[in-house]
Amino acid sequence: MLLQNSKPTSSALILHGNKILLGKRKINPAKGAWDVPGGFLELGEHQEAGLKREIREKLGVGVRGYYRKLGYKLQNSYLVKSLV
């Protein structure tokens, strides 16, 4: 399924040691698929502020520090086949 939506998003790759935090999507597109935390930005919201808000809303935690790398494009590609 390809969602035709031009709204900007912000997502995070959260690492802890050699582990990556993933969650199962609760809504379409790809409901039930594994994904990294993130979501749509609000009107006029900066990517970093939006990402901090999304992580707080979805995970209930704050962001202390991060490595910033802006500008990647991803079109709803879900590459995780299965996790053990």
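38 is the number that our numbering gives to position 41 of the sequence shown; each next residue is one higher, with no gaps. We put the beta carbon where it would ideally sit given N, CA and C, even for glycine. Predicted, not measured: the structure shown is a model, and the values here were computed from it.
In this structure, DSSP gives Ile17 an extended state, which the three-state scheme calls strand.
Here Leu48 is actually not in contact with Gly62; their C-beta atoms are around 13 Å apart, not less than 8 Å. Considering only Ile52, Asn15, Gly59, Ala30, the residue with the shortest C-alpha distance to Thr6 is Ile52. The alpha carbon of Glu54 has as its nearest neighbour, out of Asn15, Tyr64, Phe37, Trp31, the alpha carbon of Phe37. Annotated as proximal: Ile11 and Leu18, with beta-carbon spacing under 8 Å. Under the three-state reduction of DSSP, Gly59 is assigned to coil, being neither helix nor strand. The shortest CA-to-CA distance from Trp31 to any of Glu39, Ala9, Lys21 is the one to Lys21.
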